[in-house]
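Okay, structure first, notes after.
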């Protein structure tokens, strides 16, 4: 039932995009898209319960969809500077980047992350076209945070980000710092400071890596800004939580067993590809680390 609902919502999104590609900033259109992706975010974590659902394929299809490409294109200066950005669009962009981050963490899909690095999924190559001198600071913040999660996913999968994208990240973080010192938008001052700090830390992380001076402290600093750390603390989800991703609890950076009485977890600092794969309990068919021990 959940999968059927998910596919139905996908069809609705594609239909909205098909009919309104040139009207993507319209408040009614964007509200409809936001409503539908919130449903996708709610449904997606539950697919982990079913062995016959290929979550990797679901995520691959999404990143290769016209929807993804149109939204990324809508962020480019050549398109977005022609309109006055409304709050509903900003809310949608926030939900959009949270969703794609959840997708990548939720599947641990190395192939999808590799495609982003190889520009088979166009995102990193578009950064220089998205960031500009007077861009909206909320959009800048959401994209910078997604990049940080992406860098951590690269590290988990032993993928080395291409140098040209490192240069792009240095450029866009510098752009945000300049934007901070010349701020002219009526945005909460705390948001400006928050985004500035994110940009400074991301710049330092990339710059030290390019100079081969990156330390353990630098890695821990950047991990503090990841989705897992931002929305989970002491087993309590904060406001704007990432949904029912119970396996993304942040204690000790561990990814925990779904079985509530089991304390087994993977330390994401030592996670290796093809190791610690989820098994499925023969009693309840839910992914666990302890398999049949869940009873």
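In my numbering, the protein residues as written are 141 to 435.
Every residue, glycine too, gets a C-beta built ideally from N, C-alpha and C.
Self-check item: residue 163 versus residue 357 - alpha carbon distance
Solution: 45 Å
Quiz prompt | Given 8 Å, three or more beta-carbon pairs between the segment 310-330 and the segment 249-260 | solution = no
Quiz item: Are there 16 or more other CB atoms within 10 angstroms of the CB of residue 436, so buried, or fewer, so exposed?
Solution: Coverage of the chain is limited to positions 141 through 435, which leaves residue 436 absent and any answer about it impossible.
Quiz item: Is the beta carbon of residue 319 sitting closer than 8 Å to the one on residue 279?
Solution: no
Practice problem: Would you mind listing the alpha helix (DSSP H) stretches within the segment 157-184 that are 4+ residues and don't spill past its ends, in chain order? | Solution: Listed in chain order, they are 167-183.
Practice problem: On a CA-only basis, which of 248, 182 and 169 is nearest residue 294? Give me that one, please. | Solution: 248
Practice problem: May I ask which residues mark the beginning and end of the alpha helix (DSSP H) holding residue 227? | Solution: 227-247
Quiz item: Out of curiosity, what's the CA-to-CA distance linking residue 332 and residue 192?
Solution: 45 Å
Quiz prompt | Rounded distance between the beta-carbons of residue 269 and residue 237, thought under 8 Å | solution = Wrong, their Cβ atoms sit about 17 Å apart, outside the cutoff.
Quiz item: Nearest CA to the CA of residue 223: which residue from 145, 210, 291 and 166?
Solution: It is 166.
Self-check item: Nearest candidate by alpha-carbon position, reference residue 315, set 262, 300, 267 and 188
Solution: 267
Quiz item: By a C-beta neighbour count over all protein chains shown, 10 Å radius and 16 as the cutoff for buried, is residue 199 buried or exposed?
Solution: Looking at its Cβ environment, which holds 16 or more other Cβ atoms inside 10 Å, residue 199 is buried.
Practice problem: Closer than 7 Å by C-beta to residue 171: which residues in its own chain qualify, once you throw out the five before and the five after it? Chain order, please. | Solution: 228
Self-check item: Option in 350, 285 and 203 with minimal Cα separation from residue 368
Solution: If we check each option's Cα against that of residue 368, 285 comes out closest.
Quiz item: Roughly how many angstroms lie between the CA atoms of residue 345 and residue 366, to the nearest whole one?
Solution: 13 Å
Exercise. Please name the residue in 226, 211 and 220 whose C-alpha comes closest to that of residue 239.
Key: 211
Practice problem: Pick out whichever of 148, 157 and 221 has its Cα sitting closest to the Cα of residue 180. | Solution: 148
Practice problem: Whole angstroms is fine: what's the gap from residue 424's alpha carbon to residue 150's? | Solution: Only weak support is given to the placement of residue 424: the predicted model assigns it a pLDDT of 47, under 50, and the value that follows is read from those uncertain coordinates. One C-alpha to the other measures close to 28 Å.
Quiz prompt | Enclosing alpha helix (DSSP H) for residue 294 [first to last residue] | solution = 277-296
Quiz item: For residue 376, which three-state DSSP category applies?
Solution: Unreliable positioning characterises residue 376 in this predicted model, as indicated by a pLDDT of 44, which lies under 50. The coordinate reading is nonetheless provided below. The three-state secondary structure of residue 376, taken from DSSP, is strand.
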